[in-house]
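One structure is given below, encoded as structure tokens.
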Amino acid sequence: MSSPMPQLPPDFERAVGGAIAVAVSTVAERSFFACVDRCDQPDLDEIEAEWLVATVHFHDGPVHGSLACLLPTDLALWLFDAFSGRDPVTPMPRPDQLDDLVGEFANMVCGAWLTRCDTHRVFRLSPPSVSRVRRPAVETGHREWVIVNNRPVAIDWEVAQAPDYTAVRAGL
Amino acid sequence: MRILIVDDSSMMRAMIKRVVKLTKVPVEEILEASDGAQALTLLESYDVQLLLTDINMPVMSGADLLRRVAGNDRWRHLTRVVISTDGSEARREQADELSVRCYLQKPFSPEVLRDVLTDAAAAARL
Numbered sequence: 001m002s003s004p005m006p007q008l009p010p011d012f013e014r015a016v017g018g019a020i021a022v023a024v025s026t027v028a029e030r031s032f033f034a035c036v037d038r039c040d041q042p043d044l045d046e047i048e049a050e051w052l053v054a055t056v057h058f059h060d061g062p063v064h065g066s067l068a069c070l071l072p073t074d075l076a077l078w079l080f081d082a083f084s085g086r087d088p089v090t091p092m093p094r095p096d097q098l099d100d101l102v103g104e105f106a107n108m109v110c111g112a113w114l115t116r117c118d119t120h121r122v123f124r125l126s127p128p129s130v131s132r133v134r135r136p137a138v139e140t141g142h143r144e145w146v147i148v149n150n151r152p153v154a155i156d157w158e159v160a161q162a163p164d165y166t167a168v169r170a171g172l
Numbered sequence: 001m002r003i004l005i006v007d008d009s010s011m012m013r014a015m016i017k018r019v020v021k022l023t024k025v026p027v028e029e030i031l032e033a034s035d036g037a038q039a040l041t042l043l044e045s046y047d048v049q050l051l052l053t054d055i056n057m058p059v060m061s062g063a064d065l066l067r068r069v070a071g072n073d074r075w076r077h078l079t080r081v082v083i084s085t086d087g088s089e090a091r092r093e094q095a096d097e098l099s100v101r102c103y104l105q106k107p108f109s110p111e112v113l114r115d116v117l118t119d120a121a122a123a124a125r126l
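Protein chains in written order, with the working numbering: chain A, 1 to 172; chain B, 1 to 126.
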């Protein structure tokens, strides 16, 4: 994620954070049968796995921005099995299949969040882009942490729009 | 019955296929496309009874695909289902105008998808 958005009022940031956490819960519980908890700042030193970063850009006319889900590979594998019904004796998913899975996860989180924000507008989502990092970069913008099946997941988000408009669209 | 699944996520297509196989719907063939343009090509070549499509896709969106389908008499009897992350009222109204039988918002449970598929398949066989 690129630059911080200092123009956003704190109330709006809190509201977006809450709405995104609700969206993650909805997606993780409904489609992946996972448990989700809120969390402030997890201890990342205990995570040895590589992280996957799935980014979706959205655009609905007056509002545009992005949402990125950052999750450790071992959690991504668990989500893959839950979503696909993979038998543990079958081969592990290929990297491109795992990318597709976390991309779809981010896509669903972003869609659930935006739908909650404003049910009277249609929006466009970009195809997800997925990359791998050793560990999440230091937060430079807006970040929410949640715990999914006891593993940390970060959601980085950006919204570009005048505060007086976005404040009514926080999703709460 | 022949089913066409249109989604740019291969994982989502695989998941939908898996649920289709869990239903008692008699399926002759399941076709797959990763965007609206590919779907149109398949619709031109195959006699499809049930179309399951995402909305946000590269190349050609599901909304554009549904407009093309609605505008062609040949596909008048094609039963259409939308499966999308966009659950807005505005998008649902748009879908209604394009004769979509059911609008399913992601995320959904497999049970909900099964029920939608069973209903849509029954309509497609009529």
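Ideal Cβ placement from N, Cα and C applies to all residues, glycine included.
Nothing here was measured: the structure is a model prediction, and the numbers come from that model.
For residue i, which residues does DSSP report across the bridge?
i, result
"Arg124(A)", "His59(A)"
"Pro152(A)", "Ile147(A)"
"Gln105(B)", "Ser84(B)"
"Gly13(B)", "It is worth fixing the name first, because residue 13(B) is Arg in this sequence and not Gly. For Arg13(B), which the question treats as bridged, DSSP gives no partner whatsoever."
"Ser66(A)", "His57(A), Glu158(A)"
"Val6(B)", "Ala33(B), Thr53(B)"
"Val226(A)", "Limits of chain A in this structure are 1 at one end and 172 at the other, which puts residue 226(A) out of reach."
"Trp51(A)", "Pro72(A), Val133(A)"
Identify the contact partners of residue i in chain B, using a Cβ-Cβ distance below 7 Å as the criterion.
i, result
"Thr119(A)", "Ser88, Glu89"
"Asn149(A)", "Those do not exist, as Asn149(A) stays about 16 Å from chain B at its closest Cβ, beyond 7 Å."
"Phe83(A)", "Met11, Met15"
Could you work out which residues of chain B lie near residue i, taking near to mean beta carbons separated by less than 8 Å?
i, result
"Thr115(A)", "Thr85, Asp86, Gly87, Ser88, Gln105"
"Ser25(A)", "Here the premise fails: no neighbours, minimum Cβ distance about 10 Å."
"Cys110(A)", "Thr85"
"Gly103(A)", "Ser9"
Rounded to whole angstroms, how far is the Cβ of residue i from the Cβ of residue j, which I believe are closer than 8 Å?
i, j, result
"Ala14(B)", "Ser129(A)", "Going by Cβ atoms, the distance from Ala14(B) to Ser129(A) rounds to 21 Å, so no, they are not a contact pair."
"Ser99(B)", "Arg80(B)", "6 Å"
"Thr53(B)", "Gly111(A)", "Rounded, the Cβ-Cβ distance is 15 Å, inconsistent with contact."
"Leu40(B)", "Arg68(B)", "6 Å"
"Met11(B)", "Leu77(A)", "No, Met11(B) and Leu77(A) are not in contact; Cβ-Cβ is about 13 Å, not under 8 Å."
"Asn149(A)", "Cys35(A)", "6 Å"
"Asp60(A)", "Val159(A)", "Between Val159(A) and Asp60(A) the Cβ distance is about 11 Å, and since that is not below 8 Å, they are no contact."
"Glu32(B)", "Ile5(B)", "5 Å"
Could you work out which residues of chain A lie near residue i, taking near to mean beta carbons separated by less than 8 Å?
i, result
"Ser109(B)", "Arg30, Ser31"
Starting from the beta carbon of residue i, find every residue of chain A whose beta carbon is closer than 9 Å, and list them in chain order.
i, result
"Pro58(B)", "Ser126, Pro127"
"Gln38(B)", "Simply none; closest approach about 14 Å."
Mind pulling the chain B residues with CB within less than 9 Å of residue i?
i, result
"Val122(A)", "Ile55, Ala63, Asp86, Ser88, Ala90, Arg91, Gln94"
> Which full runs of the beta strand (DSSP E) of 3+ residues lie inside the segment 45 to 97 of chain B, going along the chain?
Replying inline: Runs of the beta strand (DSSP E) inside the segment 45 to 97 of chain B: 50 to 53, 79 to 84.
> Of all the beta strand (DSSP E) runs that stay within the bounds of the segment 93 to 137 of chain A, which reach a length of 3 or more residues?
Replying inline: 129 to 133
> Using a beta-carbon distance cut-off of less than 7 Å, what residues from the segment 7 to 18 of chain B approach chain A?
Replying inline: Asp8, Ser9, Ser10, Met11, Met12, Ala14, Met15, Arg18
> Which of the residues in the segment 89 to 101 of chain A, read from start to end, lie with their CB under 8 Å from any CB of chain B?
Replying inline: Gln97, Asp100, Leu101
> Which residues, taken in chain order from the segment 93 to 104 of chain B, show a beta carbon closer than 9 Å to some beta carbon of chain A?
Replying inline: Gln94
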